[in-house]
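*Asks:* Just so you know, the sequence shown maps onto residues 249 to 576 in this note's numbering.
For each residue, glycine too, the CB sits at the ideal point set by N, CA and C.
Computed from a predicted model, the values in this text were never measured in an experiment.
This is the structure I have questions about; it appears just below.
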Amino acid sequence: MSKDIVLSGMQSSGKLHLGNLIGALSNWVKLQDKYDCYYFIADWHSLTTGYSDTSFIKESTKDLLVNFLAAGLDPDKCTIFIQSRIIEHAELHLLLSMITPLGWLERVPTYKEKQDELKDKDLNTYGFLGYPLLQTADIIIYRAKYVPVGIDQVPHLEISREIARRFNFLYKEIFPEPEALLTEFPKVVGIDGRKMSKSYDNAIYLSDDPKTVEHKIRTMVTDPARVKKTDPGNPELSPVYQLHKIFSSKEEQEEVAEGCRTARIGCIDCKKILIKNVVKVMEPIWARRNELLNNPELLYSVVEKGNTRARKTANETMVLVREAMGLF
Ligand code: TRP
Numbered sequence: 249m250s251k252d253i254v255l256s257g258m259q260s261s262g263k264l265h266l267g268n269l270i271g272a273l274s275n276w277v278k279l280q281d282k283y284d285c286y287y288f289i290a291d292w293h294s295l296t297t298g299y300s301d302t303s304f305i306k307e308s309t310k311d312l313l314v315n316f317l318a319a320g321l322d323p324d325k326c327t328i329f330i331q332s333r334i335i336e337h338a339e340l341h342l343l344l345s346m347i348t349p350l351g352w353l354e355r356v357p358t359y360k361e362k363q364d365e366l367k368d369k370d371l372n373t374y375g376f377l378g379y380p381l382l383q384t385a386d387i388i389i390y391r392a393k394y395v396p397v398g399i400d401q402v403p404h405l406e407i408s409r410e411i412a413r414r415f416n417f418l419y420k421e422i423f424p425e426p427e428a429l430l431t432e433f434p435k436v437v438g439i440d441g442r443k444m445s446k447s448y449d450n451a452i453y454l455s456d457d458p459k460t461v462e463h464k465i466r467t468m469v470t471d472p473a474r475v476k477k478t479d480p481g482n483p484e485l486s487p488v489y490q491l492h493k494i495f496s497s498k499e500e501q502e503e504v505a506e507g508c509r510t511a512r513i514g515c516i517d518c519k520k521i522l523i524k525n526v527v528k529v530m531e532p533i534w535a536r537r538n539e540l541l542n543n544p545e546l547l548y549s550v551v552e553k554g555n556t557r558a559r560k561t562a563n564e565t566m567v568l569v570r571e572a573m574g575l576f
């Protein structure tokens with residue numbers, strides 16, 4: 249029996265950090281054993297908001313690709329590719345644009361939200377309005393059943409389902425309605441205690457070297473009430489402890505929590521344990537990153553193989569689509 253198809257993508261708009269690793273990539277790695285997985289870098293999507301300065305795209309695409317592999321995506325188990333190299337996505341996007349009512353796109357909550365959030369950018373463009381439509385093409389061109397994404401992407405999945413339904417109704421049942429695969433994962437805080445994000449400048453990147461990681465953790469904010477080492481603290485108010493909950497063993501978590509409450513250990517001791525454990529997770533990733541960065545040939549052969557495989561599936565779907573829509 250053929251396996252269900254899973255698809256997900258990441259926009260190439262910055263370097264990958266620990267939040268992306270814990271929140272998405274680790275889950276992708278698990279899914280590759282159970283499903284027929286397609287994972288890609290959405291470089292066209294990064295143009296929707298970043299079109300005026302595109303100098304970041306190539307570097308970011310490469311960083312994502314290296315990290316996909318370094319984190320454990322196996323090109324023999326899943327299909328890893330780059331969106332802009334599969335031009336069939338653009339063809340399907342165009343064809344879907346013919347049947348998508350403008351109101352559906354205007355009503356997607358992220359449309360207004362992002363315009364408000366990124367006030368310095370002119371997002372009054374056709375491409376930006378079409379963001380969820382391009383995302384729909386990305387998904388349904390592989391006839392994917394599940395899309396592992398964060399909760400913020402649920403409205404996008406909703407419109408993808410509506411568009412798939414509309415196509416199936418107007419022409420022919422070709423597309424399954426894709427479902428979000430929401431996974432519970434702990435919120436990863438950044439070094440300032442807010443959500444880890446490249447826009448807050450508080451992230452630990454997979455490309456950071458050991459010294460940088462150590463420095464970032466050492467300078468993390470802790471419970472503000474603990475001014476001196478002898479002041480007892482509340483671990484729940486410390487972002488360092490939030491990270492211990494993800495990276496440290498149960499025993500270590502208890503030890504640092506108790507040590508903090510009773511002022512038995514200082515913040516530096518607590519951070520040292522965290523540094524050790526974060527480094528333990530990152531070490532194998534760093535090792536594989538170095539191998540890959542020293543071997544660009546390997547990197548290119550992996551994407552070429554993935555692109556070829558993705559293109560084949562996308563093409564099979566497009567043959568059906570062109571026929572269903574009555575094109576010559
Ligand atoms: N919008 C997604 C994000 O910003 C990236 C993306 C593009 C995507 N196309 C997709 C995710 C298709 C899942 C499926 O993270």
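Would alanine 572 and isoleucine 334 qualify as a contact pair, given that the criterion is a beta-carbon distance under 8 Å?
*Replies:* Residue mapping note: residue 572 aligns to position 324 of the sequence shown, counting from 1. Residue mapping note: residue 334 aligns to position 86 of the sequence shown, counting from 1. Taking 8 Å as the Cβ cut-off, alanine 572 and isoleucine 334 do not qualify as a contacting pair.
*Asks:* Taking the alpha carbon of tryptophan 534 as the point to measure from, which residue in Phe316, Val569, Lys498 has its own alpha carbon closest?
*Replies:* As a first step, residue 534 is located in the sequence shown; it is residue number 286 there, counting from the start. If we check each option's Cα against that of tryptophan 534, Phe316 comes out closest.
*Asks:* If glutamine 280 sits next to leucine 321, beta carbons under 8 Å apart, how far is it from one beta carbon to the other, in whole angstroms?
*Replies:* Locating residue 280 in the sequence shown gives position 32, where the first residue counts as 1. Locating residue 321 in the sequence shown gives position 73, where the first residue counts as 1. Confirmed, about 6 Å.
*Asks:* Assess contact between the stretch 552-569 and the stretch 498-513, defined as three or more Cβ pairs (one per stretch) separated by less than 8 Å. Is contact present?
*Replies:* No, the stretch 552-569 is not in contact with the stretch 498-513.
*Asks:* Assuming leucine 343 is part of the alpha helix (DSSP H), what are its boundary residues?
*Replies:* On the sequence shown, position 95 is the one that residue 343 refers to. Taken as a continuous stretch (DSSP letters only), the alpha helix (DSSP H) holding leucine 343 covers 336-345.
*Asks:* Tell me the DSSP secondary structure of lysine 443 in three-state form.
*Replies:* By one-based count along the sequence shown, residue 443 stands at place 195. Reduced to three states, the DSSP call for lysine 443 is strand.
*Asks:* Do isoleucine 422 and asparagine 416 have their C-beta atoms closer together than 8 Å?
*Replies:* The residue given as residue 422 occupies position 174 in the sequence shown. The residue given as residue 416 occupies position 168 in the sequence shown. Yes, the pair counts as a contact, with Cβ atoms nearer than the cut-off.
*Asks:* Examine chain C for any beta-carbon lying closer than 8 Å to the beta-carbon of cysteine 518, and answer yes or no.
*Replies:* Protein chain content of the structure displayed is limited to a single chain, and chain C is not contained in it.
*Asks:* Nearest-angstrom Cα distance between serine 496 and lysine 520?
*Replies:* The sequence position of residue 496 within the sequence shown is 248, counting from 1. The sequence position of residue 520 within the sequence shown is 272, counting from 1. Rounded to the nearest angstrom, the two C-alpha atoms are 11 Å apart.
*Asks:* What residue does the beta strand (DSSP E) around phenylalanine 495 start on, and which one ends it?
*Replies:* As a working note, residue 495 is residue 247 in the sequence shown. It is not in any beta strand (DSSP E) - phenylalanine 495 instead sits in the alpha helix (DSSP H) that spans 487-495.
*Asks:* Using only CA atoms, which one of Ala473, Val469, Leu418, Asp479 lies nearest to glutamine 490?
*Replies:* What you label residue 490 is simply residue 242 of the sequence shown in a count that begins at 1. Considering only alpha carbons, the answer is Val469.
*Asks:* Who pairs with methionine 249 in a beta bridge, going by DSSP?
*Replies:* Here residue 249 is taken as the residue at index 1 of the sequence shown, counted from 1. According to DSSP, which records beta bridges pairwise, methionine 249 is partnered with nothing at all.
*Asks:* On the three-state DSSP scale, how would you describe phenylalanine 329?
*Replies:* As a first step, residue 329 must be located in the sequence shown, where it is residue number 81. Reduced to three states, the DSSP call for phenylalanine 329 is strand.
*Asks:* If the criterion is Cβ atoms closer than 8 Å, does the pair isoleucine 270 and phenylalanine 433 meet it?
*Replies:* Translated into positions along the sequence shown, residue 270 becomes position 22. Translated into positions along the sequence shown, residue 433 becomes position 185. Yes.
*Asks:* Which first and last residues belong to the beta strand (DSSP E) in which aspartate 456 is found?
*Replies:* Start at 1 with the first residue of the sequence shown, and residue 456 comes out as number 208. Neither: aspartate 456 is in no beta strand (DSSP E) and is coded neither H nor E.
*Asks:* So if DSSP puts glycine 378 in a beta bridge, which residue, or which two residues, is it bridged to?
*Replies:* Along the sequence shown, one-based indexing puts residue 378 at 130. In the DSSP output, where bridge partners are listed per residue, glycine 378 has none listed.
*Asks:* Leaving aside the five residues before and after tyrosine 453 along the sequence, list all residues of the same chain whose C-beta is less than 6 Å from its C-beta, in chain order.
*Replies:* Along the sequence shown, one-based indexing puts residue 453 at 205. Excluding positions up to five away in sequence, the list reads Lys263, His265.
*Asks:* Which word fits threonine 510, buried or exposed, when buried means at least 16 other C-beta atoms lie within 10 angstroms of its C-beta?
*Replies:* Start at 1 with the first residue of the sequence shown, and residue 510 comes out as number 262. Classification of threonine 510: exposed, given that the 10 Å Cβ count is below 16.
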